[in-house]
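Chemist: Counting along the sequence shown from 1, when you hit position 33 you're at 684 in our numbering, and nothing is skipped either side.
From the three backbone atoms N, C-alpha and C, an ideal C-beta is built for every residue, glycine too.
Have a look at the structure that comes next, please.
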Amino acid sequence: MPKKEILIIGILLMIGIIRFLYFIPTPPSGYFDSVGKKVEFHGTVVDLPDMRTSNQRLIVKPKSSETNILVVAPNDIDIEYGDEIYVTGKLETPENFITNTGKEFNYERYLSNRDIYFIVQYAQVDVLSHDNGSVVKKYLFKLKKSFMQNINLAIKSPESDLAGGLLLGTKGDFDETTRNEFVTTGTIHIIALSGYNITIVASSVIHLFNLFFRKIVSTGLGAITIILFIIMAGSGASAVRSGVMACIALLGRAHGREYDAGRALVVAGLVMFAYDPRIITDISFQLSFLATFGILYITPRVISWVYFIPARFGLREIAGTTISAQIAVLPLLLYGTGVFSFVSFPANILILPFIPITMLASFVSGFAGFVSLDFAILFGYIAYIPLYYILKIIHVFASIPLASIIIHNFSIWITILSYLIIGWWIFRPQK
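What follows is the structure in structure tokens.
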């Protein structure tokens, strides 16, 4: 590696370490005195409300404060991004919890990475005024909300929930059984806005474009698809980071220059680390980085494993990138969730080739709703077929006995050892 690149990497590392030690924001100490007590405060809703079946979750920035507070309020109150609200409720700090797989989820760190240090459960909320946020974000969120309303009118549930997950990263109102089926089959990534999702989906899209355009054109269209996906999802920091990783993977695979793309991946990761060192503990960033790494470096080694899959329609390439991304993220997922799916590979192979056309039909249906509900319903019928197929595949594979197992003792040391073995396998000298 040239000395100039080593110097750049060293500088970025030092900046990140210094920021981590001295400039990471901490919650105002005054709030801790109120933990466990009833509080009242004015604040502004700084993100799109997260609607749940029984409540809605609001990220609220109190006046004259740099911290954010997660407010859990009834979902029958009409609250939008940018609303100024008056909150009354008991102030609490986030607590880690044990998942249904027996793993501890670090909820405190998850929220602190988003500058959220306190929670108000069962809050009483009164809306005081509107339009106090960014005009750009306001209209983006309105577009997203209207778009999802069009899809819900044109496509029935749960297929409409899947369409929302594919296009916007929303998990919708899937019941617990359906959510568990996504986890069991290793397909949860298609409805979760992460680097794993964006990278796999983007790879599938670019292979579809390759059927009709030259490689350079299809790569550009793939990058545009990623950008549109991020904008529609709300352009959050997690989505932007994931999009950057996905673009690097697409460019590297398109031009066959793994070394250049690999260097770009490292530099991009270090720039993000220097800007906000907390991303090093962000699971979305970790999955983004690893999935991109897998597609760049593992795909060339595993593509020969799937020689029996037809190359037509990019099926072999999709299979190769799917395996590669899953190999790259598997140790981290086992450490974090403990779930190992035996049916993940066949389920993904049967689903991912249909993702591009499903996304396209769902997108057209949602967009057509701005013109005519009849057009939206027409395209909704077209989108319903692959959406139904995807959910059916997931249900069938999840119904197989021992489709997945829970590994309780996959420690951090086993995770590190796993990545050392993967690294040795990738970079060992070739005979």
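I'd like the ranges of any beta strand (DSSP E) spanning at least 3 consecutive residues and lying wholly in the region 1033-1057.
Modeler: Runs found: 1055-1057.
Chemist: Less than 6 Å between C-beta atoms, sequence neighbours within five positions excluded: which residues of the same chain meet that for Glu-691?
Modeler: Closer than 6 Å at Cβ, skipping near neighbours: Thr-739.
Chemist: By how many angstroms is the C-alpha of Gly-989 removed from the C-alpha of Lys-754?
Modeler: Their Cα atoms are separated by approximately 7 Å.
Chemist: Can you tell which of Phe-769, Pro-982, Leu-819, Thr-704 has its C-alpha closest to the C-alpha of Ile-1072?
Modeler: The candidate whose alpha carbon is nearest that of Ile-1072 is Pro-982.
Chemist: Does DSSP classify Asn-706 as helix, strand or coil?
Modeler: Coil, per DSSP.
Chemist: Based on Cα-Cα distance, which residue from Arg-963, Ser-935, Asn-861, Thr-836 lies nearest to Ser-992?
Modeler: With distances taken between Cα atoms, Ser-992 lies closest to Thr-836.
Chemist: Between the beta-carbon of Leu-779 and the beta-carbon of Tyr-737, is there less than 9 Å?
Modeler: In this structure, Tyr-737 lies closer than 9 Å to Leu-779 by Cβ.
Chemist: Taking 8 Å as the limit between beta carbons, can you name the residues of its chain near Asn-783, skipping five residues before and five after?
Modeler: The residues are Thr-695, Gly-733, Asp-734, Glu-735.
Chemist: Looking only at its own chain, which residues have a Cβ that is under 7 Å from the Cβ of Phe-944, when we skip the five neighbours before and after it?
Modeler: Correct list, in chain order: Leu-916, Ala-979.
Chemist: Determine the direct distance from the alpha carbon of Glu-743 to that of Ile-770, and round the result to whole angstroms.
Modeler: The straight-line gap from Cα to Cα measures roughly 5 Å.
Chemist: Tell me Ala-724's beta-bridge partners as DSSP assigns them.
Modeler: In the DSSP output, where bridge partners are listed per residue, Ala-724 has Gln-707.
Chemist: Within the chosen definition, does the region 782-800 reach the region 714-727 through at least 3 CB pairs nearer than 8 Å?
Modeler: Taking 8 Å as the limit for Cβ pairs, the verdict is that the region 714-727 does not touch the region 782-800.
Chemist: What did DSSP end up calling Thr-779 once you bin it into helix, strand or coil?
Modeler: With the sequence shown as reference, residue 779 is identified as Leu, and Thr is not the correct amino acid for it. Residue state, collapsed to three classes: strand.
Chemist: Can Ile-1063 and Tyr-986 be called in contact, C-beta distance under 9 Å?
Modeler: Contact: yes.
Chemist: When you compare only the Cα positions, how much space is there between Ala-1034 and Asp-812?
Modeler: So the two alpha carbons sit approximately 12 Å from each other.
Chemist: Is it buried or exposed, Tyr-768, if we count other Cβ atoms within 10 angstroms and call 16 or more buried?
Modeler: So Tyr-768 counts as buried.
Chemist: For Gly-873, does the count of other Cβ atoms within 10 angstroms reach 16, so buried, or fall short, so exposed?
Modeler: Result: buried.
Chemist: Quick check for students: name the residue ranges of the alpha helix (DSSP H) that lie wholly in the region 953-1005, counting only runs of 4 or more.
Modeler: Runs of the alpha helix (DSSP H) inside the region 953-1005: 966-987, 995-1002.
Chemist: Identify every residue that forms a DSSP beta bridge with Glu-691.
Modeler: Thr-739.
Chemist: How would you write the range of the alpha helix (DSSP H) that Leu-818 sits in, first residue to last?
Modeler: Start and end: 810-819.
Chemist: Quick one: residues in its chain with C-beta nearer than 6 Å to the C-beta of Ile-1041, no 5 flanking neighbours on either side, listed in chain order?
Modeler: The residues are Ile-1002.
Chemist: For Glu-827, which of helix, strand or coil comes out of DSSP?
Modeler: If DSSP states are grouped into helix, strand and coil, Glu-827 belongs with the helices.
Chemist: List the residues that DSSP assigns as beta-bridge partners of Ile-767.
Modeler: BP columns for Ile-767 point to Asn-719.
Chemist: When you compare only the Cα positions, how much space is there between Ile-842 and Pro-1080?
Modeler: Each residue's Cα considered, the two are about 38 Å apart.
Chemist: Applying the criterion that 16 or more other CB atoms from any shown protein chain within 10 Å of the CB defines a buried residue, is Asn-1060 buried or exposed?
Modeler: Exposed, by the Cβ-count rule.
Chemist: Are there 16 or more other CB atoms within 10 angstroms of the CB of Glu-810, so buried, or fewer, so exposed?
Modeler: Buried, since its Cβ has 16 or more Cβ neighbours within 10 Å.
Chemist: Is there a Cβ from chain D that is less than 9 Å from the Cβ of Ser-995?
Modeler: Among the chains in the structure shown there is no chain D, since it carries only a single protein chain.
Chemist: Take every Cβ of the region 799-808, pair it with every Cβ of the region 965-979, and state whether three or more of those distances are shorter than 8 Å.
Modeler: Contact fails: fewer than three Cβ-Cβ distances are below 8 Å.
Chemist: For Gly-913, which of Leu-941, Ala-1054, Ile-666 has the nearest alpha-carbon?
Modeler: Residue Leu-941 is the option with its Cα nearest to Gly-913.
Chemist: Is it buried or exposed, Phe-863, if we count other Cβ atoms within 10 angstroms and call 16 or more buried?
Modeler: Label assigned to Phe-863: exposed.
Chemist: So Val-1015 packs on Phe-1005, CB below 8 Å; how close in whole Å?
Modeler: 15 Å between Cβ atoms; not a contact.
Chemist: My output table needs one value for Ile-749: the three-state DSSP class, helix, strand or coil.
Modeler: Strand.
Chemist: Just how far apart, CA to CA, sit Ile-730 and Ala-774?
Modeler: Each residue's Cα considered, the two are about 13 Å apart.
Chemist: Nearest-angstrom Cα distance between Gly-820 and Leu-1068?
Modeler: If you take the alpha carbons of Gly-820 and Leu-1068, they lie about 32 Å apart.
Chemist: Strictly by DSSP, which residues pair up with Glu-755?
Modeler: BP columns for Glu-755 point to Ile-749.
Chemist: Ends of the alpha helix (DSSP H) at Leu-794?
Modeler: Where Leu-794 is concerned, the enclosing alpha helix (DSSP H) stretches over 786-805.
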